[in-house]
Amino acid sequence: MLRFRDQTWLLDRRSTRIELLVKSAQTLPDELFWEVHFEYHPGGAEWLGVDLLHRPRLTVSVAGFDPGVNDWRELEHVSYWHRSPDDGLCLMPQRGVAEIRLWSPDELPHRQHQTDTTNHTFRFIRREGPFFLVELAVLADGTSIFRSDEVETAQAVAPDGTPLELEPDEAFWRRINPQLYLIEEAPFGLVSVCVPHNVKSPAAFGEALVRRLLKCGRPDHCEVWNFWDRDKPEANTGSADSLWVKLHYGGDWRD
Amino acid sequence: MITFQNTRWVKPRRPDRFSLTLADGQERGPDLVWSLECKGFAEAFCPPGQPRLVPTPSLFVEITNLPLDLADWRAWENRDLRINPDWILQREFITTDGQLVDAQLSGQSLWPDARADHPHFGKPGDFRSLDYDMHFGSRDGRTFVCELEGWTEPLPGSGITQREPWRRQRTDPPDLCIATQVELDCLHVQVAAHTEDPIAEARRRLWQRLRVSDPGEPSVFWAQRLLADGQGHEPVPNSRCTVTFLHPRT
């Protein structure tokens, strides 16, 4: 469920997932680049009969957060719900950057409206198989709303109606009036690994690396992307980044 | 027989097609959608007892992604559905394949260019409906009697005379009426990755979910992956796949 600009939004499950970027074989667990990504199209009566290609597209993501986990399943315990007063002073806080992008098909091609903010808070509430229940609030004024008495007495409710005690619920966020609030399920879906060119099997190497870093099991689907052009070696300035393995988990198999 | 905007269209002998798609267990949201395809030829070009005149104007009507949760495929028998915007808005969602499930009826009338003197010839006729009633009658094997009444609107750019935008009140008589037989002939079942025997798993789920005991001839469509050289794709065994059964014997 997304609340943003008094509009009904439909979650696009094809593109909603938790993603991870492993930039090199020497990457340590605390150097991984995490992102949780949601995508929506407007729904409701005013958009009835309009196909998805002609509806606006809204993407909401939190990128660069640092959960510090050694097992992907430990994400379910990661929470940035209660912030410290100096959170806003960091260029890249531990909870990452929230990115909101809105594409409108009626405007110029590829025109987008974009907001990046660190004035947000989010958490992983629980895990069910590969799916994590994620709650995110992007705030108009983060410093003034976190009165501890309100936060500690409110209740949150999962999409299936399960009460989540001692945390703020949707009514709380309506009263606070954040710019954006969502609570959705997102699968642990895609890990992109940069692998050396001289490995025997890029896919096996990438899979083993991710298993070592995060105890991931066998991926559902694996792709090797080779950006190295043997015919034009002079054009391959970034050879170290030109061989990527994309490992898909949790039923995800699309780019 | 089909009547569409005061033109009568006769049905081919073969029943129209009726199919279902069952999502894999990892899908969030409804896992079962139905689709229906219907076809007719302009009656004026189909003299009784003789071959139809060629080229023949044709009409295609299609309902895709109709979400209806049934515990048994036979439960379509004697079932009435009134699809309207309220019904759709309560159920619309986007699947993991990025498809909008909105139960929209869409159609196309094809008028060949051969006779320019006819007012409709050479004009495409794309239309749709978000407002239609369906009645499924008695069942014979896997074939159902089906009647449909719809209130349609032309799609932008269509050659059909522009009408009022799509209405919320059913003030006019329906401009699309179909009386046909539909045959459940295609069952798509998505199967999660690493399933040891996708066909057996698809059969099991069809029985468990819809009481389909003999779903017919299977074929497996694997997810595709990009080749390492970027020049094309190849199927990926053990990835997510779709098992399609044709001509079920139920």
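Chains as they are written, first to last, in the numbering used here: chain A, 7 to 261; chain B, 3 to 252.
Positions of the beta carbon are idealized from the N, C-alpha and C atoms, including for glycine.
Query                                                                                                                                                                                                  : Result
Could you tell me which chain B residues have their CB closer than 8 Å to the CB of Leu58 of chain A, listed as they occur along the chain?                                                            : Ile96, Gly100, Leu102
Would you list the one or two residues that DSSP bridges to Cys222 of chain A?                                                                                                                         : Looking at the DSSP assignment, Cys222 of chain A forms no beta bridge with any residue, so it has no partner.
What residues from chain B crowd round His47 of chain A, counting only those whose CB sits closer than 9 Å?                                                                                            : Ile96, Leu102
Give the interface partners of Ala51 of chain A over in chain B, defined as CB-CB distance under 8 Å, in chain order.                                                                                  : Pro87, Leu91
Ends of the beta strand (DSSP E) at Arg205 of chain B?                                                                                                                                                 : Not the beta strand (DSSP E): Arg205 of chain B falls in the alpha helix (DSSP H), residues 200-212.
On the criterion of 16 or more Cβ atoms from any shown chain inside 10 Å, does Lys252 of chain A qualify as buried, or is it exposed?                                                                  : buried
Quick check on Pro250 of chain B: buried or exposed, where buried means 16 or more other Cβ atoms within 10 Å of its Cβ?                                                                               : buried
So, is Gln92 of chain B buried or exposed, given that buried needs 16 or more other C-beta atoms within 10 angstroms?                                                                                  : exposed
Is the number of C-beta pairs between the stretch 76-86 of chain A and the stretch 124-132 of chain A that are closer than 8 Å three or more?                                                          : yes
Of the residues A:Gly55, A:Tyr46, A:Phe138, which one's Cα is nearest the Cα of Ser110 of chain A?                                                                                                     : A:Tyr46
Spatial neighbours of Cys243 of chain B within its chain, please: C-beta separation below 7 Å, excluding the five flanking residues on both sides.                                                     : Val193, Pro200, Val222, Phe223, Trp224, Ala225
Rounded to a whole number of angstroms, what is the C-alpha to C-alpha distance between Leu83 of chain B and Arg144 of chain B?                                                                        : 19 Å
Kindly indicate if chain B contains any beta-carbon less than 8 Å away from that of Leu17 of chain A.                                                                                                  : yes
Among B:Phe20, B:Ala73, B:Thr182, which one has its Cα closest to the Cα of Ser37 of chain B?                                                                                                          : B:Phe20
Near Pro32 of chain B, what residues of its chain come up, given a Cβ to Cβ distance below 6 Å and the 5 sequence neighbours on each side ignored?                                                     : Pro69
If you draw a straight line from the alpha carbon of Ser207 of chain A to that of Leu248 of chain B, how long is it in whole angstroms?                                                                : 39 Å
Quick check on this structure: which residue in A:Trp53, A:Val75, A:Tyr255 has the alpha carbon closest to the alpha carbon of Leu196 of chain A?                                                      : A:Tyr255
Between Asp18 of chain B and Leu107 of chain B, what straight-line distance do the alpha-carbon atoms span, to the nearest angstrom?                                                                   : 15 Å
Does the beta carbon of Arg20 of chain A sit closer than 8 Å to a beta carbon anywhere in chain B?                                                                                                     : yes
Would you identify the three-state DSSP class for Arg79 of chain A, choosing helix, strand or coil?                                                                                                    : helix
Taking the DSSP output, what are the residues bridged to Lys288 of chain A?                                                                                                                            : Residue 288 of chain A lies beyond the range of chain A shown here (7 to 261); nothing can be said about it.
Residues of chain A with CB closer than 7 Å to the CB of Arg251 of chain B, please, in chain order.                                                                                                    : The premise fails here: Arg251 of chain B is roughly 31 Å from chain A at the closest Cβ pair, so nothing lies under 7 Å.
Going along chain A in order, which residues have a C-beta closer than 9 Å to the C-beta of Gln7 of chain B?                                                                                           : The premise fails here: Gln7 of chain B is roughly 19 Å from chain A at the closest Cβ pair, so nothing lies under 9 Å.
Identify, in the order they occur along the chain, each residue of the same chain with its Cβ nearer than 6 Å to the Cβ of Ser140 of chain B, setting aside the five sequence neighbours on each side. : Val147
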